[in-house]
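J.:
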Amino acid sequence: MTAPVDATATPAWSELSSLRDSFAPDLRDWFAIDPRRAERLSFELADLHVDLSKNLVTDEILAALVRLAEQTGVAQRYAAMLAGEHINTTEDRAVLHTALRRPAGTEPALVVDGQDIDADVQSVLTAMSAFADRVRSGEWTGVTGKKVTHIVNIGIGGSDLGPVMVSAALEPYATAGIQARFVSNIDPFDLANKTKDLDPETTLFIVASKTFTTLETLTNARLARDWLWGGLQAAGAIDGSDEARTDAVAHHFVAVSTALDKVAAFGIDPVNAFGFWDWVGGRYSVDSAIGLSLMIELGPDVFRELLAGFHAVDEHVRTTPLDANVPVLMGLLNVWYSNFLGAQSHAVLPYAQQLSRFAAYLQQLTMESNGKSVRWDGSPATTDTGEVFWGEPGTNGQHAFYQLIHQGTRLIPADFIAFANPAYPLEDGGRDVHGLFLSNFLAQTKALAFGKTAAEVEAEGTTGPLVAARTFAGNKPTTSIFAPALTPAVLGQLVALYEHITFTQGVIWGVNSFDQWGVELGKQLALQIAPAIEGDEAAIAAQDASTRSLLAYYAAHRTR
Ligand code: F6P
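Structure, rendered in structure tokens:
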């Protein structure tokens, strides 16, 4: 195992520390003295125009950050990942989500651990496409011969958040009369709510689980199966015989998993199962068979465009020097803010209502990946890791939490994401509403960067204590990501961008960004507490005093 480099012991870290000690950011001044700052710090990444100029960095700081990436071996680690080395050390696995989007026929073929990865990927994509086409055309029907109108993806975490986010983002591409819904929470409301207006005869369930052991997903899958059987029987479409029920499951359930034996044990015919591999992490799996719901809802061509978008960014990362490598630079900026300037969170603010689930998606990607306090060799982390990612689409966020970003005491770097063209162009009295929307994006990044001085406030006639209240300090860092439109390729580029930002930060911090042991304890305890919830005296007695008291409250208040 290659030991992680301790970033804090590198010369670049010392350089950055002294630069921080004398740091006095002044974006107004920096832009005034350098008319080319915006141009110099803007980059083209496939279809994305990425403007880093409103970040709190000088050329000197940026150069030191790039040296930090060099000295911690970011490029070497990326090459190791692409080559299929087992960089997921705690699970002894390769990390090859980038292989999911390699175009068919890429030479030389990628062979890892004796397996032709490209051939495996293409064969699953072909099977998914054929299945999606059958469902979309109506050749695949429910048990009573009706065309599928709704698909319900049952999965959680990486088996849910990616498909949910993409389905919402690419809604204008869902033109085959099939709508996808997503059930994830074991809260019974989720399944009940998402199925209450559905017709079992025209509903297809996809059970998506990498491990096929996840409590929430298997519980919801069983509930969905009962709902299907109950509904079909009530409609007189099937009788209650085992054969009829098995036939119903064969028509209305398919699965996506790396554990095809467990799929069969659930009662889903392995013929109707789509596989992936242990080298795809859950939060990196939207472009694997986990995206089957998307392929059906949006079509195989759209899915391929999405993959092409991912691949374009992978290629940028692979072939671009660190000082012009956009995801690496953005990862380095995050390190600067969190390790040197004390930022604890990072806002992602899409100016696109369709990206309403983008921040939630990024939360799993970034926080499950880099929320670690030990490094990949088991030694303690040597600096803070893993910021809190959060956000909401603009302009809604402007009327909620932007106040704190503008005038609060905390530093919150923010990424703004916007598109030149809307999905649905609308006019308000002859005025392009999308233009008005975009002027908000531009206004916010401008206000955050340059603020408003007391002199400017006074010049407007304000006096007294109100002057301070109306003053904006500015120097609030933002990155602007602008693209022509929210197409499938652009969405793939955006997701891959954040995957590689996360990777860069993980390497600098020396953590394994591809395991998630931190979710295990809660899962184990939930299983231990389940009997106590049912009133088992011994299980109740085994709990701590607080949990016992909460169980007592539950027992006193439950009405079932
Ligand atoms: O929350 C832990 C986790 O393992 C995630 O990493 C994963 O995406 C999710 O659970 C779902 O797991 P599975 O796809 O195996 O059901």
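Read left to right, the sequence shown gives residues 5 to 564 (the working numbering).
Think of the CB as a built atom: it goes at the ideal place given N, C-alpha and C, for glycine as much as any other residue.
Predicted, not measured: the structure shown is a model, and the values here were computed from it.
Do the region 122-141 and the region 246-255 make contact, defined as three or more Cβ pairs closer than 8 Å?
T.: no
J.: Which residues share a DSSP beta bridge with Trp394?
T.: Position 390 of the sequence shown, counted from the start, is the residue given in the question as residue 394. For Trp394, which the question treats as bridged, DSSP gives the partners Ala351.
J.: Go through its chain and collect everything with a Cβ distance to Gly303's Cβ below 6 Å, but skip five positions before and after it.
T.: Here residue 303 refers to the residue found at position 299 of the sequence shown. Hits under 6 Å: none found.
J.: On the three-pair Cβ rule with 8 Å, is the region 330-337 touching the region 54-74?
T.: yes
J.: Go to Val321, then tell me how far its alpha helix (DSSP H) extends in each direction, as first and last residue.
T.: Taking the first residue of the sequence shown as 1, we reach residue 321 at position 317. Note, Val321: alpha helix (DSSP H), Pro304 to Thr323.
J.: So what does DSSP say about Phe445, is it helix, strand or coil?
T.: Reading the sequence shown from its first residue, position 441 is the one you call residue 445. Helix at Phe445.
J.: Let me confirm a value: Asp122 is counted as buried when at least 16 other C-beta atoms fall within 10 Å, else exposed. Which label applies?
T.: Working through the sequence shown from its first residue, we reach residue 122 at position 118. The residue is buried, with at least 16 neighbouring Cβ atoms inside 10 Å.
J.: Comparing the CB of Thr370 with every heavy atom of the ligand F6P, is any distance shorter than 7 Å?
T.: Position 366 of the sequence shown, counted from the start, is the residue given in the question as residue 370. Incorrect: Thr370 has no Cβ contact closer than 7 Å to the ligand F6P.
J.: Output the distance between the C-alpha atoms of Leu525 and Thr218, rounded to the nearest integer angstrom.
T.: Counted from its first residue, the sequence shown places residue 525 at position 521. Counted from its first residue, the sequence shown places residue 218 at position 214. Near 14 Å, if we compare the C-alpha coordinates of Thr218 and Leu525.
J.: Which full runs of the beta strand (DSSP E) of 3+ residues lie inside the region 447-532, going along the chain?
T.: 482-487
J.: Using a threshold of 7 Å, is the CB atom of Lys376 nearer than that to any non-hydrogen atom of the ligand F6P?
T.: For the purposes of this step, residue 376 is taken as the residue at position 372 of the sequence shown. Not so, every heavy atom of the ligand F6P lies at least 7 Å from the Cβ.
J.: Between which residues of its own chain and Ala184 is the CB-CB distance below 8 Å, once the five residues before and five after are set aside?
T.: Sequence index remark: in the sequence shown, residue 184 carries index 180 (1-based). Around Ala184: His154, Ile155, Val156, Asn157, Pro167, Ser171, Ala178, Ser297, Leu298, Ile300 and Glu301.
J.: Hey, does Val187 have any beta-carbon neighbour from chain C nearer than 8 Å?
T.: Of the chains in the structure shown, none is chain C; there is only one protein chain.
J.: Along the chain, where does the alpha helix (DSSP H) containing Phe362 start, and where does it finish?
T.: Taking the sequence shown and counting its residues from 1, one reaches residue 362 at position 358. Phe362: member of the alpha helix (DSSP H) spanning Phe362 to Leu366, first to last residue.
J.: Taking the beta carbon of Ser21 as the centre, do at least 16 other beta carbons fall within 10 Å, making it buried, or is it exposed?
T.: Residue numbering aside, residue 21 sits at position 17 when the sequence shown is read from its first letter. It counts as exposed.
J.: Suppose the cutoff is 7 Å on Cβ atoms and the five residues either side in sequence are ignored; what does the same chain contact list for Asp137 look like?
T.: Here residue 137 corresponds to residue number 133 of the sequence shown, with the count starting at 1. These residues qualify, in order along the chain: Pro304.
J.: Run through the DSSP bridge pairs and tell me what Thr145 is partnered with.
T.: Within the sequence shown, residue 145 is the residue found at index 141, counting from 1. For Thr145, which the question treats as bridged, DSSP gives the partners Lys151.
J.: Apply the 10 Å Cβ neighbour rule to Leu104 and answer buried if 16 or more other Cβ atoms are within range, or exposed otherwise.
T.: As a working note, residue 104 is residue 100 in the sequence shown. A buried status is given to Leu104, since no fewer than 16 other beta-carbon atoms sit within 10 Å of its beta-carbon.
J.: Locate the beta strand (DSSP E) running through Asp10, then write down its first and last residues.
T.: One-based indexing of the sequence shown puts residue 10 at position 6. Run containing Asp10: none; DSSP gives neither H nor E here.
J.: Any heavy atom of the ligand F6P closer than 7 Å to the CB of Gln367?
T.: Start at 1 with the first residue of the sequence shown, and residue 367 comes out as number 363. Answer for Gln367: no, Cβ out of range of the ligand F6P.
J.: Hey, which unbroken runs of the beta strand (DSSP E) at 3 residues or more fall wholly within the region 44-93?
T.: 46-49 and 52-55
J.: Under DSSP, the beta strand (DSSP E) around Leu208 begins and ends at which residues?
T.: For the purposes of this step, residue 208 is taken as residue 204 along the sequence shown, with counting starting at 1. Its beta strand (DSSP E) spans residues Thr207 to Ala212.
J.: What whole-angstrom Cβ distance do Thr506 and Leu336 have, given they're in contact under 8 Å?
T.: Counting from 1 along the sequence shown, the entry for residue 506 is found at position 502. Counting from 1 along the sequence shown, the entry for residue 336 is found at position 332. The pair is not a contact, with the Cβ atoms about 13 Å apart (cut-off 8 Å).
J.: Am I right that Leu442 and Ala422 are in contact with their C-beta atoms under 8 Å? What's the rounded C-beta distance?
T.: Here the question's residue 442 lines up with position 438 in the sequence shown. Here the question's residue 422 lines up with position 418 in the sequence shown. Yes, they are in contact, since the Cβ atoms of Leu442 and Ala422 sit about 6 Å apart, within 8 Å.
J.: Thinking C-alpha only, which one of Leu326, Gly286 and Val317 is nearest Leu165?
T.: As a first step, residue 165 is located in the sequence shown; it is residue number 161 there, counting from the start. Among Leu326, Gly286 and Val317, the Cα nearest to that of Leu165 belongs to Gly286.
J.: Indicate the three-state DSSP secondary structure (helix, strand or coil) for Phe405 in the structure shown.
T.: For the purposes of this step, residue 405 is identified with residue 401 of the sequence shown, where counting begins at 1. Residue state, collapsed to three classes: coil.
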